[in-house]
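A.B. asks:
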Amino acid sequence: RHGYGAESGLLILHEQHFIFSLEVLAEATKHFHDNNKLGEGGFGTVYKGITRDGKEIAVKKLSARSTQGKREFMNEVKLVANIQHRNLVKLVGCCGEGGERLLVYEYLPNKSLNAFLFDSEKSRLLDWQKRHNIIVGIVRGLLYLHEDSKLRIIHRDIKASNILLDEQLNPKIADFGLARLFTDNETQNQSKIAGTYGYMAPEYAMRGQLSVKADVYSFGVLLLEIVNGRKNTDLNLQGENQSLSLLEWRRASDKMHSHWTSVYTNGCRPPSTNLYSNYDDNHRICAGAKRNETCVRKHD
Numbered sequence: 001r002h003g004y005g006a007e008s009g010l011l012i013l014h015e016q017h018f019i020f021s022l023e024v025l026a027e028a029t030k031h032f033h034d035n036n037k038l039g040e041g042g043f044g045t046v047y048k049g050i051t052r053d054g055k056e057i058a059v060k061k062l063s064a065r066s067t068q069g070k071r072e073f074m075n076e077v078k079l080v081a082n083i084q085h086r087n088l089v090k091l092v093g094c095c096g097e098g099g100e101r102l103l104v105y106e107y108l109p110n111k112s113l114n115a116f117l118f119d120s121e122k123s124r125l126l127d128w129q130k131r132h133n134i135i136v137g138i139v140r141g142l143l144y145l146h147e148d149s150k151l152r153i154i155h156r157d158i159k160a161s162n163i164l165l166d167e168q169l170n171p172k173i174a175d176f177g178l179a180r181l182f183t184d185n186e187t188q189n190q191s192k193i194a195g196t197y198g199y200m201a202p203e204y205a206m207r208g209q210l211s212v213k214a215d216v217y218s219f220g221v222l223l224l225e226i227v228n229g230r231k232n233t234d235l236n237l238q239g240e241n242q243s244l245s246l247l248e249w250r251r252a253s254d255k256m257h258s259h260w261t262s263v264y265t266n267g268c269r270p271p272s273t274n275l276y277s278n279y280d281d282n283h284r285i286c287a288g289a290k291r292n293e294t295c296v297r298k299h300d
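Listed below in structure tokens is the structure:
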């Protein structure tokens with residue numbers, strides 16, 4: 001087994017995970033050079049790295065300035081080290097040396113669903129069959145987290161940028177920094193709200209009531225985006241652990257509802273031409289998306 005001592009605050013990892021030295025990760029990422037940057041989020045930056053034996057990795061470097069970072073780092077190590085599923089991003093190891101907090105993941109060359117879904121050129125690669133496969137893969141990953149894993153987990157931040165894609169565009173759920181453990185049918189009361197505005201279930205956003213239904217709601221919003229190829233709204237929650245007022249939530253919800261009503265009125269077709277060339281496919285997907293939008297709306 002590999003692990004840190006108690007003074008580091010890290011849990012012991014399973015045998016298949018490794019503790020990387022800071023030197024090795026710095027070398028692999030060319031000292032965390034901007035040219036190797038894959039993405040940036042609220043808690044840190046992700047870099048592509050190549051190890052000495054030629055293996056490609058993704059290194060998530062949590063912000064040293066954020067007091068939230070240490071808690072999120074420990075949370076992600078604890079959860080991801082104990083779960084394995086083909087639709088969840090795989091943790092390879094971590095590093096806590098020199099005051100740094102680094103998570104090492106498998107490298108996925110196609111980056112995030114967000115990069116494909118809302119790009120005018122790349123979105124053309126996502127025909128209906130690929131979108132269907134992505135939807136099914138996300139559902140399988142969530143089902144594992146909610147029901148089949150030995151650790152029952154609420155992700156709390158399901159959205160397109162947290163769905164990574166492998167070479168065959170198979171989806172893997174990523175970023176477990178905000179995730180929480182739960183027991184069967186449990187509803188937790190959270191004093192601080194964290195997530196992405198526009199994807200949060202109203203009972204969580206307004207009252208802090210967290211259950212698996214929050215992930216299901218977020219997935220519903222994401223499903224609408226996948227089907228139509230349009231962003232829900234530009235309502236990202238800036239900063240960490242911000243509370244949402246009832247008025248703010250209603251405004252966001254009304255804006256989302258108006259957006260999707262317009263989409264359906266205009267034929268329920270994504271911006272990519274000929275995506276749904278088959279009438280039956282188009283009709284079936286539109287009908288499913290409308291049912292999903294109605295379900296999301298009922299939460300308001």
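So for the sequence shown, the UniProt record's numbering puts the first residue at 1; every next one is plus one.
All residues carry an ideal CB built from backbone N, CA and C; glycine is no exception.
Does the contact criterion of 3 or more C-beta pairs under 8 Å hold for the region 113-126 versus the region 199-211?
C.D. replies: The region 113-126 vs the region 199-211: no contact.
A.B. asks: In whole angstroms, what separates the C-alpha of Arg-156 from that of Lys-213?
C.D. replies: Stepping through the sequence shown from its first residue, residue 156 is reached at position 156. Stepping through the sequence shown from its first residue, residue 213 is reached at position 213. Going from the Cα of Arg-156 to the Cα of Lys-213 covers about 10 Å.
A.B. asks: Look up Glu-240 in the DSSP assignment and say whether it is helix, strand or coil.
C.D. replies: By 1-based counting over the sequence shown, the position of residue 240 is 240. With a pLDDT of 42 at Glu-240, under the threshold of 50, the modelled position of that residue is not reliable, and no figure is offered here.
A.B. asks: Quickly, what does DSSP pair Ser-120 with across the bridge? List them, please.
C.D. replies: Translated into the one-based positions of the sequence shown, residue 120 becomes position 120. Bridge partners of Ser-120: none, in fact.
A.B. asks: What is the rounded straight-line gap between the Cα of Asn-133 and the Cα of Asp-148?
C.D. replies: For the purposes of this step, residue 133 is taken as the residue at position 133 of the sequence shown. For the purposes of this step, residue 148 is taken as the residue at position 148 of the sequence shown. Answer to the nearest angstrom: the Cα atoms are 20 Å apart.
A.B. asks: Taking C-alpha atoms, which residue in Phe-219, Phe-176 and Ile-153 lies nearest to Gln-188?
C.D. replies: By 1-based counting over the sequence shown, the position of residue 188 is 188. The shortest Cα separation from Gln-188 among Phe-219, Phe-176 and Ile-153 belongs to Ile-153.
A.B. asks: Please state whether the Cβ-Cβ distance between Leu-151 and Ile-83 is less than 8 Å.
C.D. replies: Position 151 of the sequence shown, counted from the first residue, corresponds to residue 151. Position 83 of the sequence shown, counted from the first residue, corresponds to residue 83. Result yes, Cβ atoms of Leu-151 and Ile-83 sit closer than 8 Å.
A.B. asks: Could you give the distance in angstroms between the alpha-carbon of Thr-29 and the alpha-carbon of Gly-49?
C.D. replies: Here residue 29 refers to the residue found at position 29 when the sequence shown is read from its first residue. Here residue 49 refers to the residue found at position 49 when the sequence shown is read from its first residue. One C-alpha to the other measures close to 4 Å.
A.B. asks: What number of angstroms, rounded off, separates the C-alpha of Glu-97 from the C-alpha of Glu-106?
C.D. replies: Along the sequence shown, one-based indexing puts residue 97 at 97. Along the sequence shown, one-based indexing puts residue 106 at 106. When rounded, the distance between both Cα atoms is 20 Å.
A.B. asks: Using only alpha-carbon positions, find the residue among Cys-94, Asn-87 and Thr-51 that is nearest to Lys-61.
C.D. replies: If you number the sequence shown from 1, residue 61 lands on position 61. Lys-61 has its Cα closest to that of Cys-94, out of Cys-94, Asn-87 and Thr-51.
A.B. asks: Our contact map puts Ala-160 next to Leu-223 with C-beta atoms below 8 Å; I'd like the distance itself, whole angstroms only.
C.D. replies: Here residue 160 corresponds to residue number 160 of the sequence shown, with the count starting at 1. Here residue 223 corresponds to residue number 223 of the sequence shown, with the count starting at 1. Incorrect: roughly 11 Å between the Cβ atoms, too far for contact.
A.B. asks: So what's Val-104 in DSSP terms, helix, strand or just coil?
C.D. replies: What you label residue 104 is simply residue 104 of the sequence shown in a count that begins at 1. Looking at Val-104 - three-state DSSP - the assignment turns out to be strand.
A.B. asks: Quick check: the Cα distance between Pro-226 and Ala-81, rounded to an integer number of angstroms?
C.D. replies: By 1-based counting over the sequence shown, the position of residue 226 is 226. By 1-based counting over the sequence shown, the position of residue 81 is 81. Reading off the sequence, residue 226 comes out as Ile, not Pro. When rounded, the distance between both Cα atoms is 29 Å.
A.B. asks: Taking the C-alpha atoms as reference points, what is the distance between Val-139 and Val-92?
C.D. replies: On the sequence shown, position 139 is the one that residue 139 refers to. On the sequence shown, position 92 is the one that residue 92 refers to. For Val-139 and Val-92, the distance between alpha carbons rounds to 23 Å.
A.B. asks: Which residues share a DSSP beta bridge with Gly-44?
C.D. replies: By 1-based counting over the sequence shown, the position of residue 44 is 44. According to DSSP, Gly-44 bridges with Leu-62.
A.B. asks: To which residues of the same chain is Lys-90 closer than 6 Å at the C-beta, ignoring the five residues directly before and after it?
C.D. replies: The sequence position of residue 90 within the sequence shown is 90, counting from 1. Cβ neighbours of Lys-90 beyond the five flanking positions: Glu-106.
A.B. asks: Could you have a look at Gly-96 and say whether DSSP puts it in helix, strand or coil?
C.D. replies: Taking the sequence shown and counting its residues from 1, one reaches residue 96 at position 96. If DSSP states are grouped into helix, strand and coil, Gly-96 belongs with coil.
A.B. asks: Between which two residues does the beta strand (DSSP E) holding Pro-171 run?
C.D. replies: Working through the sequence shown from its first residue, we reach residue 171 at position 171. Counting along the chain, the beta strand (DSSP E) containing Pro-171 begins and ends at 171-173.
A.B. asks: To the nearest angstrom, report how far apart Lys-192 and Phe-116 are at their CA atoms.
C.D. replies: Stepping through the sequence shown from its first residue, residue 192 is reached at position 192. Stepping through the sequence shown from its first residue, residue 116 is reached at position 116. Approximately 32 Å between the Cα atoms of the pair.
A.B. asks: Quick check on DSSP: helix, strand or coil for Arg-52?
C.D. replies: Mapped onto the sequence shown, residue 52 falls at position 52. Note: Arg-52 maps to coil in three-state DSSP.
A.B. asks: Please state if the CB of Gly-198 and the CB of Val-216 are separated by a distance shorter than 8 Å.
C.D. replies: The residue given as residue 216 occupies position 216 in the sequence shown. The residue given as residue 198 occupies position 198 in the sequence shown. No.
A.B. asks: Relative to the C-alpha of Glu-76, which residue among Phe-43, Gly-54 and Ile-57 is closest?
C.D. replies: The residue you call residue 76 lines up with position 76 of the sequence shown. Minimum Cα distance to Glu-76 is reached at Phe-43.
A.B. asks: On the DSSP bridge list, what partners appear for Ser-112?
C.D. replies: Here the question's residue 112 lines up with position 112 in the sequence shown. DSSP, once it has assigned bridges, lists Leu-164 as partnering Ser-112.
A.B. asks: Which runs of the alpha helix (DSSP H) fall wholly inside the region 190-216 and span at least 4 residues, in chain order?
C.D. replies: Here the runs fully enclosed are 202-207.
A.B. asks: In terms of alpha-carbon separation, which member of Ile-57, Ile-19, Asn-36 and Glu-72 lies closest to Asp-175?
C.D. replies: Taking the sequence shown and counting its residues from 1, one reaches residue 175 at position 175. That would be Glu-72, whose Cα lies nearest to the Cα of Asp-175.
A.B. asks: Tell me whether the beta-carbon of Val-104 lies closer than 8 Å to the beta-carbon of Ile-173.
C.D. replies: For the purposes of this step, residue 104 is taken as residue 104 along the sequence shown, with counting starting at 1. For the purposes of this step, residue 173 is taken as residue 173 along the sequence shown, with counting starting at 1. Result no, Cβ atoms of Val-104 and Ile-173 do not sit closer than 8 Å.
A.B. asks: If you check the beta carbons only, do Gly-41 and Asn-87 fall under 8 Å apart?
C.D. replies: Along the sequence shown, read from residue 1 onward, the residue named residue 41 stands at position 41. Along the sequence shown, read from residue 1 onward, the residue named residue 87 stands at position 87. Against a cut-off of 8 Å, the Cβ pair of Asn-87 and Gly-41 comes out as no contact.
A.B. asks: List the whole-angstrom C-beta distance separating Ala-179 from Leu-102, where the pair is believed to meet the contact cut-off of C-beta under 8 Å.
C.D. replies: The count along the sequence shown starts at 1 and reaches residue 179 at position 179. The count along the sequence shown starts at 1 and reaches residue 102 at position 102. With 8 Å as the limit, Ala-179 and Leu-102 do not qualify as a contact, their Cβ atoms being about 19 Å apart.
A.B. asks: DSSP three-state call for Ile-134: helix, strand or coil?
C.D. replies: Here residue 134 refers to the residue found at position 134 of the sequence shown. Residue state, collapsed to three classes: helix.
A.B. asks: Using a Cβ-Cβ cutoff of less than 8 Å, which residues in the same chain neighbour Leu-165 once the five nearest sequence positions on both sides are dropped?
C.D. replies: In the sequence shown, residue 165 corresponds to position 165, counting from 1. So the list reads Leu-108, Asn-110, Lys-111, Ser-112, Leu-113, Phe-116, Ile-134, Pro-171 and Lys-172, once near-sequence residues are dropped.
A.B. asks: What does the alpha-carbon distance come out to for the pair Leu-143 and Thr-45?
C.D. replies: Mapped onto the sequence shown, residue 143 falls at position 143. Mapped onto the sequence shown, residue 45 falls at position 45. Leu-143 and Thr-45: Cα-Cα distance of roughly 28 Å.
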